[in-house]
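Residue 180 is where the sequence shown ends in numbering that gives the first Met the number 0, and the numbering goes up by one at each step.
All C-beta atoms in this analysis are idealised placements derived from N, C-alpha and C, irrespective of residue type, glycine included.
Quick caveat, the model's predicted, so the values are computed rather than measured.
Single-structure report; data block below.
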Amino acid sequence: MGRLRRLWARLSGAGQLPEGFAGALAAEENVLAVAGVRDGGHLVATSLGLWLPEGETTRRVGWHLVSKATWGEGALTLVEADEVEPAGEAVVLADRPARRFALPEPGRLPEVVHTRVTGSIRSRHRQEFPGGGAWFVQRRVPGRDGVVLQVRPDPGADRVVLVDTAAEVAQRLRQLREIRP
């Protein structure tokens with residue numbers, strides 16, 4: 000079976016898990032690209048997200064939680080978001096500090112990451128609030144039907160107004176989806 004899997008990976012352009020990979024892929028999760036990180040470990044792009052090395056382990060970041068990914072000077076720089084507060088059917092996000100992964104042999108990984116991150120975005124809109132603005136982004140969540148409304152506020156944005164607005168917008172979007180065939 001190992002030979003068949005390696006042959007399929009070569010023919011399809013899909014990657015296979017690196018030796019010693021510490022994560023556990025979901026049954027429906029497929030490897031799309033793999034690249035070794037200069038400081039150790041591997042980045043593994045799958046149909047459900049990007050696996051990041053974390054010391055002796057790895058963890059998956061869903062494509063919908065990658066706020067920004069840029070490729071340059073031999074490194075992938077990644078900004079991951081945390082879901083910090085519900086807003087009705089929407090969710091408020093906060094970005095983590097950027098992480099830089101030097102990739103001596105990136106292969107297709109930067110292209111796959113770009114395609115998956117941008118492909119998860121259905122729409123985006125900037126809205127100003129007292130104290131700062133926020134991005135409202137509708138994104139597909141890998142492995143689930145439908146979209147989620149994410150709100151990424153600027154520091155200082157009025158949180159109460161923002162959460163109330165996000166909840167109302169999410170409710171209206173759901174109502175629109177229900178009346179459309």
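Got a sec, what are the start and stop residues for the beta strand (DSSP E) Ala133 sits in? Secondary structure note for Ala133: its beta strand (DSSP E) is the uninterrupted segment Gly131 to Arg139.
Using a 10 Å radius around the Cβ and a threshold of 16 neighbouring Cβ atoms, would you call Ser119 buried or exposed? Classification of Ser119: buried, given that the 10 Å Cβ count is 16 or more.
Please report how far the alpha carbon of Pro105 lies from the alpha carbon of Val33, in whole angstroms. Those two C-alpha atoms are separated by around 8 Å.
Beta-carbon gap between Val98 and Trp62 smaller than 8 Å: Correcting the residue identity first, residue 98 is Arg in this sequence and not Val. No; because the gap between Cβ atoms is not below 8 Å, this pair is not in contact.
Tell me where the beta strand (DSSP E) around Val36 begins and ends. Run containing Val36: none; DSSP gives neither H nor E here.
Rounded straight-line distance, which links the Cα of Val90 to that of Glu84: Distance between the alpha carbons of Glu84 and Val90: 6 Å.
Under the assumption that Val181 contacts Phe100 (Cβ atoms under 8 Å), give the Cβ distance between them as a whole number of angstroms. This structure leaves residue 181 out entirely; the chain is present only between 0 and 180.
Classify Ala19 as helix, strand or coil using the three-state DSSP reduction. In the sequence as presented, Ala is not what sits at residue 19; that position holds Gly. Gly19: coil per DSSP, three-state reduction.
Simplified DSSP state of Arg171, which is helix, strand or coil: Taken through DSSP and simplified to helix, strand or coil, Arg171 comes out as helix.
Leu42 beta carbon less than 8 Å from that of Leu49: A distance below 8 Å separates the beta carbons of Leu49 and Leu42.
Alpha carbon of Leu51 to alpha carbon of Leu64, nearest angstrom: So the two alpha carbons sit approximately 13 Å from each other.
Could you tell me which residues DSSP pairs with His124 in its beta bridges? Under DSSP, His124 shares a beta bridge with Phe135.
Distance check for Leu16 and Met0, CA to CA, integer angstroms please. The predicted position of Met0 is uncertain, since its pLDDT is 49 and thus under 50; a value taken from the coordinates is nonetheless stated next. If you draw a straight line from the Cα of Met0 to the Cα of Leu16, it is about 14 Å long.
Taking Cβ to Cβ, would you say Pro133 is nearer than 8 Å to Pro152? Looking at the sequence itself, residue 133 is Ala, so the reference to Pro does not match. Against a cut-off of 8 Å, the Cβ pair of Pro152 and Ala133 comes out as a contact.
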